[in-house]
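Residue numbers for the sequence shown follow the working numbering, so the first one is 10 and each next one is one higher. Yeah, the Cβ is synthetic: ideal placement off N, Cα and C, and Gly gets one too. For clarity, every value in this text was computed on a predicted model and none was experimentally measured. What follows is a short report on a single structure.
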Amino acid sequence: MFQLERSAARRRYWADAILLLLAAGYGCGPSLGSGSPPAALAPSAETLTVEVHEGTELVARLSPDGRRIALLLMGKVWLVERAGGRATTLTDPVTDLAEYWDLAWAPDSRRLALYSGSASPGIRIVDLATLTTHQLSGDRNLSSPFWTPDGVDVTVLETGRDSTILWNLSVHEPGSRARATALPRQILDPVRSPDGGRLAFVSPISRGEPFFRSDIWELDLATGVERQLTRDSTLDAAPAYSPDGRWIAFISERTGSRQIWALRVADGETRALTQSAEDVYLAPLSWTPDARRILYTAAGKLRFASLDGGDQGTVEFSAPLRVTRWRGLRRPMLPRPGAQLKAAIATPQLSPHGRRVVFAALGDLWIADVNGGAPRRLTETALEDELYPRWSPSGSEVAYLVTGPGRDRELWIIDVGSARSRVVPLPATDFRFQFAWAPEGRRMAYLQGNRVGWVDVDSGERRVIGEPPDLSVLIGWTPGGDSIVFATSRLEGSAIRNFARRRIWRASAADSGRILELEIPGELSLRSGWSRDLTRVAFAFGGSGFHARADAPADRVRLGDPSPRYFSWSDDGRSLAYLSDGRLRLLDVVTGEARTLDVAPQYRVPEAPPPLLLRNARIIDGSGHPPSAPADVLIANGRIQRIAPAGRIEAPKGAHVVDVENRSLLPGLFNLHAHYDPVDHFAEAFVYNGVLALRDVGTEGEWMQTQRDRAQAGQIVSPRIF
Numbered sequence: 010m011f012q013l014e015r016s017a018a019r020r021r022y023w024a025d026a027i028l029l030l031l032a033a034g035y036g037c038g039p040s041l042g043s044g045s046p047p048a049a050l051a052p053s054a055e056t057l058t059v060e061v062h063e064g065t066e067l068v069a070r071l072s073p074d075g076r077r078i079a080l081l082l083m084g085k086v087w088l089v090e091r092a093g094g095r096a097t098t099l100t101d102p103v104t105d106l107a108e109y110w111d112l113a114w115a116p117d118s119r120r121l122a123l124y125s126g127s128a129s130p131g132i133r134i135v136d137l138a139t140l141t142t143h144q145l146s147g148d149r150n151l152s153s154p155f156w157t158p159d160g161v162d163v164t165v166l167e168t169g170r171d172s173t174i175l176w177n178l179s180v181h182e183p184g185s186r187a188r189a190t191a192l193p194r195q196i197l198d199p200v201r202s203p204d205g206g207r208l209a210f211v212s213p214i215s216r217g218e219p220f221f222r223s224d225i226w227e228l229d230l231a232t233g234v235e236r237q238l239t240r241d242s243t244l245d246a247a248p249a250y251s252p253d254g255r256w257i258a259f260i261s262e263r264t265g266s267r268q269i270w271a272l273r274v275a276d277g278e279t280r281a282l283t284q285s286a287e288d289v290y291l292a293p294l295s296w297t298p299d300a301r302r303i304l305y306t307a308a309g310k311l312r313f314a315s316l317d318g319g320d321q322g323t324v325e326f327s328a329p330l331r332v333t334r335w336r337g338l339r340r341p342m343l344p345r346p347g348a349q350l351k352a353a354i355a356t357p358q359l360s361p362h363g364r365r366v367v368f369a370a371l372g373d374l375w376i377a378d379v380n381g382g383a384p385r386r387l388t389e390t391a392l393e394d395e396l397y398p399r400w401s402p403s404g405s406e407v408a409y410l411v412t413g414p415g416r417d418r419e420l421w422i423i424d425v426g427s428a429r430s431r432v433v434p435l436p437a438t439d440f441r442f443q444f445a446w447a448p449e450g451r452r453m454a455y456l457q458g459n460r461v462g463w464v465d466v467d468s469g470e471r472r473v474i475g476e477p478p479d480l481s482v483l484i485g486w487t488p489g490g491d492s493i494v495f496a497t498s499r500l501e502g503s504a505i506r507n508f509a510r511r512r513i514w515r516a517s518a519a520d521s522g523r524i525l526e527l528e529i530p531g532e533l534s535l536r537s538g539w540s541r542d543l544t545r546v547a548f549a550f551g552g553s554g555f556h557a558r559a560d561a562p563a564d565r566v567r568l569g570d571p572s573p574r575y576f577s578w579s580d581d582g583r584s585l586a587y588l589s590d591g592r593l594r595l596l597d598v599v600t601g602e603a604r605t606l607d608v609a610p611q612y613r614v615p616e617a618p619p620p621l622l623l624r625n626a627r628i629i630d631g632s633g634h635p636p637s638a639p640a641d642v643l644i645a646n647g648r649i650q651r652i653a654p655a656g657r658i659e660a661p662k663g664a665h666v667v668d669v670e671n672r673s674l675l676p677g678l679f680n681l682h683a684h685y686d687p688v689d690h691f692a693e694a695f696v697y698n699g700v701l702a703l704r705d706v707g708t709e710g711e712w713m714q715t716q717r718d719r720a721q722a723g724q725i726v727s728p729r730i731f
């Protein structure tokens with residue numbers, strides 16, 4: 010064990026003693042440190058009732074007959090009468106895994122088309138009379154449904170890089186589709202005129218502009234002639250034809266805030282219908298059957314605007330939600346002092362020949378043979394945290410990132426044989442966690458801010474080869490080492506329906522500014538791992554993992570393990586390593602056989618310090634009661650053993666006794682929503698501000714587990730991490 014571990018453990022002990030008294034949910038007594046499996050509490054049923062009267066992201070569609078309003082609220086579909094009142098759920102808010110993003114009424118007001126783009130994607134039709142549902146398409150790329158005037162088909166969009174295809178899906182023949190029309194640009198928010206002959210849609214102001222700066226166009230479906238209806242330098246979106254076809258209502262920011270406007274189709278006259286203090290929510294608009302009022306949402310409420318101008322009141326509604334769930338919680342098992350535990354591993358990478366793996370654990374880097382044997386510690390530091398190791402093409406060196414409290418991020422290289430290390434001369438500002446060896450093993454590609462560059466690891470020569478906007482992921486080098494491959498991610502679509510458009514590029518490593526787009530689906534850049542020659546890729550989507558050839562991503566093979574992460578390949582493209590459910594897995598992609606590599610190192614939890622007796626403390630227990638009368642608190646074996654009135658506890662042999670002289674003892678605080686990552690090492694600051702336990706909700710889980718291990722091993726001062 011390190012000398013640091015002993016001193017850090019002692020500092021943590023004193024912090025616990027002074028701050029942690031009544032840590033809610035843990036109680037007192039030595040049983041928590043027994044090391045036995047946590048006992049399950051007796052399961053019990055619990056019913057939660059939530060009733061909402063507004064929605065942050067509220068979408069509303071008025072039926073063509075004007076009688077009912079369909080709502081998208083909390084990702085589910087609800088129905089409420091036009092006058093308001095109690096809404097009823099149309100889709101089960103508990104068991105239906107789909108999260109609905111859009112809906113459209115059929116002309117007969119008896120059916121709804123629903124679009125889900127998440128767990129259960131596709132277009133569905135709901136018959137409101139029978140409450141039966143059938144699926145028209147399971148393709149998440151077919152979106153923005155709207156009906157043909159005869160109610161026989163549902164038209165959907167398929168948006169490409171520079172074009173849009175409109176398909177008609179037959180309601181009576183699920184799975185069949187016919188091409189309706191195509192446009193040589195991306196469009197959003199399509200709506201058909203009442204006579205079915207025209208199509209209004211949203212298009213960006215100029216090619217390459219995001220949809221947040223857009224105008225409204227109209228297409229004559231018979232002739233194919235387009236005409237621009239609005240010309241504004243800001244946002245025009247969400248067009249909606251009036252039932253008589255004479256007007257188009259839309260949302261615009263032309264006056265500085267989002268308001269409802271109307272455009273007369275015949276002559277292009279526009280008028281503002283609202284001048285609300287709150288921005289109108291970017292959601293579809295609906296007309297009343299008499300073509301006099303428009304339903305919209307603002308400030309979480311349903312509202313009507315008049316074609317003659319002015320607010321026409323609010324539709325008050327309530328949406329009740331009842332969820333019955335079983336609670337069968339397990340008591341948390343805290344490490345027993347002196348226990349020997351297996352460490353979590355993070356950011357593993359398979360060696361070029363596929364026979365070894367390097368990974369991060371306990372703040373250091375380790376190397377292990379994939380065919381067995383104890384792991385070997387490659388780096389050994391105190392406060393620093395080493396992670397994201399990358400093998401050199403020869404397999405003789407490993408590049409890695411070093412972070413730590415009060416220091417900049419640095420890129421280092423270590424010789425695997427001699428353990429000699431050196432720093433790579435890179436500016437620390439905006440340096441990302443992404444870097445890749447060139448095929449010859451001399452240059453290193455990196456991302457810094459919005460710049461793509463490379464550095465000679467020996468001479469320190471640096472070159473920035475491009476500054477592409479929306480830079481997101483470094484993929485690697487082309488096999489010849491002449492170009493660096495990276496991905497961009499840009500938010501596109503309208504503010505109603507936006508999406509991340511991902512594209513993959515190559516930038517010449519010699520000629521700055523020469524950047525070409527590759528014909529590789531941009532989706533392969535997300536949560537992916539590429540072989541060194543860029544011929545094979547593994548990626549995760551929707552909780553599942555896949556591997557495929559880069560030139561045939563549709564022929565992907567599904568991995569058998571849940572939620573795989575940190576993919577890496579051997580140079581021959583046969584072996585694929587990844588983490589799944591805390592296990593390091595190695596897959597032979599030829600045979601399909603996967604095995605678990607037992608390579609994790611072990612660590613020892615420090616023994617508990619001698620007993621500590623605090624006398625004359627005034628306890629504030631967090632319940633709202635006033636501070637207690639002076640009391641004594643005995644802490645032993647790492648746990649609060651007893652609390653009693655002052656003078657009632659006899660000091661155990663060897664105990665350290667501290668008279669706190671009527672000072673206050675507070676409960677240790679729990680931070681249940683932390684974002685603790687390798688950039689910000691602030692665990693010790695948590696402790697000295699009274700936070701003695703935290704739960705992280707957004708950081709890479711594997712790295713957080715390594716930090717939990719470091720805390721339990723006494724290497725760092727930190728709250729307990731869950």
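Taking the straight line between their C-alpha atoms, what separation do you get for F326 and D317?
In a straight line, the C-alpha of F326 is about 26 angstroms away from that of D317.
Mapping DSSP to helix, strand and coil, what is A692?
The answer is helix: DSSP assigns A692 an H, G or I state.
Have a look at L675 and S223 and give me their C-alpha separation to the nearest angstrom.
One C-alpha to the other measures close to 56 angstroms.
Under 7 angstroms Cβ to Cβ from L178, same chain only, skipping five residues before and after it: list those, please.
So the list reads I132, L145, S146, D162, V163, V165, R186, once near-sequence residues are dropped.
Where do the ends of the beta strand (DSSP E) carrying R719 lie?
Here R719 belongs to no beta strand (DSSP E); instead the alpha helix (DSSP H) covers 710 to 721.
Give the straight-line distance between the Cα atoms of W114 and L88, rounded to the nearest whole angstrom.
Rounded to the nearest angstrom, the two C-alpha atoms are 12 angstroms apart.
Spatial neighbours of Q321 within its chain, please: CB distance less than 7 angstroms, with the 5 preceding and 5 following residues excluded, ordered by chain position.
Here the set comprises R302, F313, A314, S315.
Would you tell me roughly how many angstroms separate the C-alpha atoms of P639 and R340, rounded to the nearest one?
Distance between the alpha carbons of P639 and R340: 31 angstroms.
Helix, strand or coil for A308? Go by DSSP, reduced to three states.
Reduced to three states, the DSSP call for A308 is coil.
Under the DSSP definition of a beta bridge, which residues are partnered with S673?
Answer is R627, bridged to S673.
Just to confirm before moving on: does the CB-CB distance between Q358 and P398 stay below 8 angstroms?
A contact, by the Cβ cut-off of 8 angstroms.
What does the Cβ neighbour count give for Y305, buried or exposed, with the cut at 16 atoms within 10 Å?
Under this definition Y305 is a buried residue.
With DSSP run on the structure shown, which of helix, strand or coil describes G7?
The structure shown does not extend to residue 7, since the chain is modelled only from 10 through 731, so no value can be given for it.
Among I628, I524, V614, E262, which has the Cα closest to the Cα of A246?
Measuring from the Cα of A246, the nearest candidate turns out to be E262.
In whole angstroms, what is the alpha-carbon distance linking G381 and S579?
When rounded, the distance between both Cα atoms is 18 angstroms.
In whole angstroms, give me the CA-to-CA distance for I174 and R207.
One C-alpha to the other measures close to 16 angstroms.
Within the same chain, show all residues whose beta-carbon is closer than 8 angstroms to that of M713, passing over the 5 residues directly before and after it, in chain order.
So the list reads Y685, D705, I730, once near-sequence residues are dropped.
If you follow the beta strand (DSSP E) that F221 is in, where does it begin and where does it stop?
Taken as a continuous stretch (DSSP letters only), F221 belongs to no beta strand (DSSP E), as it is neither H nor E.
Express the C-alpha separation of A231 and G205 in angstroms, rounding to a whole number.
Each residue's alpha carbon lies about 10 angstroms from the other.
Determine the contact status of T157 and P329, defining contact as a CB-CB distance below 8 angstroms.
Cβ distance not < 8 angstroms, so T157 and P329 don't count as in contact.
Grab me the residues of I529's own chain with a C-beta within less than 7 angstroms of its C-beta, minus the 5 sequence neighbours each way, in chain order.
Result list for I529: I513, A559, in chain order.
Suppose only complete runs of 3+ residues qualify. What are the beta strand (DSSP E) ranges in the region 267 to 305, listed by chain order?
Correct list: 268 to 273, 279 to 281.
Just how far apart, CA to CA, sit A445 and R613?
C-alpha separation (whole angstroms): 35 angstroms.
To which residues does DSSP link Q358 through a beta bridge?
In the DSSP output, where bridge partners are listed per residue, Q358 has V367.
Return yes when the Cβ of V289 is within less than 8 angstroms of the Cβ of I260, no when it is not.
Yes. Within cutoff.
With C-beta atoms as the reference, is G160 less than 8 angstroms away from D101?
Contact: no.
Can you tell me the Cα-Cα spacing of L392 and L374, whole angstroms?
For L392 and L374, the distance between alpha carbons rounds to 14 angstroms.
Under the rule that 16 or more other beta-carbon atoms within 10 Å means buried, what is A653, buried or exposed?
Its Cβ having fewer than 16 others within 10 Å, A653 is exposed.
Would you tell me roughly how many angstroms separate the C-alpha atoms of R418 and R386, rounded to the nearest one?
Each residue's Cα considered, the two are about 21 angstroms apart.
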